[in-house]
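Peer 1: Residue numbers (our numbering), protein chains in the order written: chain X, 214 to 508; chain G, 91 to 324. Glycine included, each C-beta is placed from N, C-alpha and C at the ideal position.
1. Quick check: is the beta carbon of residue 197 of chain G nearer than 7 Å to any beta carbon in chain X?
2. Could you please give the first and the last residue of the uninterrupted alpha helix (DSSP H) stretch that includes residue 237 of chain G?
3. What does a CB cutoff of less than 6 Å around residue 97 of chain G pick up in its chain, not counting 5 residues either side in sequence?
4. Should the stretch 305-313 of chain G be regarded as contacting the stretch 248-255 of chain G, the criterion being three or more beta carbon pairs within less than 8 Å?
5. Whose CA, out of G:99, G:150 and G:241, lies closest to the CA of residue 289 of chain G?
6. What span of residues does the alpha helix (DSSP H) with residue 466 of chain X cover, start to end?
7. From the beta carbon of residue 262 of chain X, is the nearest beta carbon of chain G less than 7 Å away?
8. Where does residue 314 of chain G fall in DSSP's three states?
9. Rounded to whole angstroms, what is the Cα-Cα separation between residue 296 of chain G and residue 282 of chain G?
10. According to the Cβ coordinates, are residue 431 of chain X and residue 421 of chain X closer than 7 Å?
11. From the DSSP output, read off the bridge partner residues of residue 430 of chain X.
12. Just to confirm before moving on: does the CB-CB distance between residue 487 of chain X and residue 444 of chain X stay below 7 Å?
13. Please name the residue, chosen from X:390, X:344, X:223 and X:439, that lies closest to residue 157 of chain G on a Cα-to-Cα basis.
14. Beta-carbon of residue 296 of chain X versus every beta-carbon of chain G: anything under 7 Å?
15. Can you grab the Cα-Cα spacing for the pair residue 259 of chain X / residue 271 of chain X, in whole Å?
16. What are the start and end residues of the beta strand (DSSP E) that includes residue 249 of chain X?
17. Name the chain G residues whose beta carbon is nearer than 9 Å to that of residue 267 of chain X?
18. Do residue 495 of chain X and residue 419 of chain X have their C-beta atoms within less than 7 Å of each other?
19. Check this for me: beta carbons of residue 126 of chain G and residue 133 of chain G, under 7 Å apart or not?
20. Which residues of chain G have a Cβ atom closer than 7 Å to the Cβ of residue 315 of chain X, listed in chain order?
21. Take every Cβ of the stretch 396-403 of chain X, pair it with every Cβ of the stretch 455-463 of chain X, and state whether three or more of those distances are shorter than 8 Å.
22. Since residue 323 of chain G contacts residue 171 of chain G with CB under 8 Å, what's their CB separation in whole angstroms?
23. Could you tell me the distance, in whole angstroms, from the CA atom of residue 369 of chain X to the CA atom of residue 404 of chain X?
24. Under 8 Å by Cβ, that's how I've got residue 145 of chain G and residue 272 of chain G pegged, so tell me the actual separation to the nearest angstrom.
25. Which value, in whole angstroms, describes the spacing of the CA atoms of residue 411 of chain X and residue 299 of chain X?
26. What span of residues does the beta strand (DSSP E) with residue 236 of chain X cover, start to end?
27. Label residue 287 of chain G either buried or exposed according to how many other C-beta atoms from any shown protein chain fall within 10 Å of its C-beta, with 16 as the threshold for buried.
28. Between the stretch 139-155 of chain G and the stretch 255-273 of chain G, do three or more beta carbon pairs fall short of 8 Å?
29. Should residue 103 of chain G be flagged as near chain X, meaning a C-beta pair shorter than 7 Å?
30. Would you check if the distance between the CB atom of residue 257 of chain X and the CB atom of residue 312 of chain X is smaller than 7 Å?
31. Determine which residues share a DSSP beta bridge with residue 371 of chain X and list them.
32. Go to residue 136 of chain G, then tell me how far its alpha helix (DSSP H) extends in each direction, as first and last residue.
33. Counting only runs of 4+ residues fully inside the stretch 254-301 of chain G, write out the alpha helix (DSSP H) ranges in chain order.
34. Under 7 Å, Cβ to Cβ, is there at least one residue of chain G near residue 318 of chain X?
35. Using CA atoms only, rank isn't needed, just tell me which of X:266, X:231, X:261 and X:235 is closest to residue 243 of chain X.
36. Residues of chain X with CB under 9 Å from residue 157 of chain G, in chain order?
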């Protein structure tokens with residue numbers, strides 16, 4: 214974390230146990246004013262963590278505070294947090310008009326006119342009988358986005374917002390996140406989980422990688438790109454390099470892998486090309502190095 | 091009060107409001123008067139039929155408001171939980187819905203009574219002897235306590251079976267299943283009228299018992315949803 218940087222979320226000693234799984238986050242600070250991506254394989258604990266942060270689950274040990282002021286999660290704090298998530302978000306028989314009415318009742322900072330304009334912008338058809346259950350997954354996500362973006366919030370927590378969206382809408386989502394952050398003048402933050410790292414990379418400032426309920430890597434994307442390098446080399450060096458790299462893939466022509474920049478000198482003598490990795494490459498490498506799956 | 095009404099109404103769609111608050115009373119009164127006129131003046135029977143149909147209508151129509159809300163996956167209600175007001179809104183909406191069922195039972199059956207009574211008076215073409223015309227229209231064999239007591243009993247039984255039907259149907263979210271549950275509770279209501287000893291002899295007692303049972307099932311319905319919502323937080 215950069216010096217003097219305020220945190221929008223501060224977690225200490227967080228523990229949540231399920232049968233055969235434990236989410237354990239001894240310390241995590243999500244910087245204020247940035248978009249932070251939560252990355253991890255299926256079952257890593259991303260949804261559990263986001264649910265805890267949004268107040269959907271309250272049965273955990275540890276402390277979570279918000280907005281750099283030590284604010285705990287109460288009704289006032291929830292007013293400033295927007296959440297979109299999968300599963301049972303809206304009641305299935307709600308109509309789009311009801312979503313508007315209910316949002317107005319639940320959140321004092323909800324703006325009907327903004328919601329209507331966002332629905333139009335995102336191509337959500339409104340009508341008397343337009344039930345939420347009849348919407349496709351993508352349109353349901355758009356409706357959630359319209360509902361949270363129509364509110365005056367300082368933090369957006371989004372669980373897999375990109376997954377149900379088409380490529381065009383993912384691009385639009387990135388634009389919306391960027392616009393949301395810009396309008397906040399450094400006071401607004403976004404914390405989202407994603408499997409579509411490549412699509413969301415353009416909007417990601419900070420990344421947290423979660424594996425088996427533990428944070429295994431975190432940092433600003435620019436710092437991670439300095440910490441790790443992408444290395445490509447010939448097949449003959451593959452085996453030797455594999456012991457130094459965080460993770461590597463081999464083929465008949467050579468190998469490609471992610472290496473800690475500090476270990477680069479250990480590859481001396483090998484014929485390798487070094488490139489700046491993408492966040493997606495770094496994430497996959499870190500996940501591969503920490504996964505329990507036999508890949 | 092305003093807050094409670096608002097909490098309830100946000101759960102209802104415009105179509106539901108139109109159907110339940112406008113069409114149902116109008117159709118109920120119209121059908122009752124028509125049935126009374128074609129049945130040869132059996133006003134009491136028509137009122138009993140109304141008290142049977144109302145729980146079916148309530149059970150089916152609940153599918154447009156709280157369908158499947160007692161199912162464990164639906165009752166997570168994530169959107170409501172992301173607001174500090176969410177649980178309060180949900181609780182108020184459920185309570186108002188139960189109160190509305192009581193008001194509707196009284197309102198619809200009362201409206202049918204008034205409409206049939208008016209029809210009876212007008213069809214006899216007289217203004218004098220109005221009370222006599224109404225008494226004739228609602229003659230029920232074995233009902234010694236008079237039409238007032240019968241009305242009380244019908245309203246409370248209709249309320250209880252409406253609440254029971256909606257409570258049971260909220261475990262599913264299929265409209266045909268709601269219909270089956272609706273028919274089931276209507277059949278139970280018929281069985282109660284037929285098999286309970288002295289149903290029309292002691293209408294005040296049975297009315298009070300049904301009213302009490304309705305309140306208990308109503309409280310159980312609210313408690314079930316709120317309990318599931320609370321448990322899903324943990």
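Peer 2: Considering the structure as presented:
1. no
2. 237-259
3. 179, 182 and 183
4. Yes: the two stretches touch, three or more of their Cβ pairs being nearer than 8 Å.
5. Nearest of G:99, G:150 and G:241 to residue 289 of chain G, Cα basis: G:241.
6. No alpha helix (DSSP H) contains residue 466 of chain X, which DSSP labels as neither H nor E.
7. no
8. helix
9. Cα-Cα distance, rounded: 10 Å.
10. yes
11. X:422
12. Yes, they are a contact pair.
13. X:344
14. yes
15. The alpha-carbon atoms of residue 259 of chain X and residue 271 of chain X are separated by roughly 15 Å.
16. 248-253
17. 168, 171 and 172
18. no
19. yes
20. 100
21. no
22. 7 Å
23. Answer to the nearest angstrom: the Cα atoms are 6 Å apart.
24. By a beta-carbon distance limit of 8 Å, residue 145 of chain G contacts residue 272 of chain G. Their separation comes to about 6 Å.
25. Those two C-alpha atoms are separated by around 21 Å.
26. 234-244
27. exposed
28. A contact is defined here as three or more CB-CB pairs under 8 Å, and the stretch 139-155 of chain G meets this definition with respect to the stretch 255-273 of chain G.
29. yes
30. no
31. X:297 and X:405
32. 133-151
33. 265-285
34. yes
35. X:266
36. Per Cβ cutoff of 9 Å: 304, 305 and 306.
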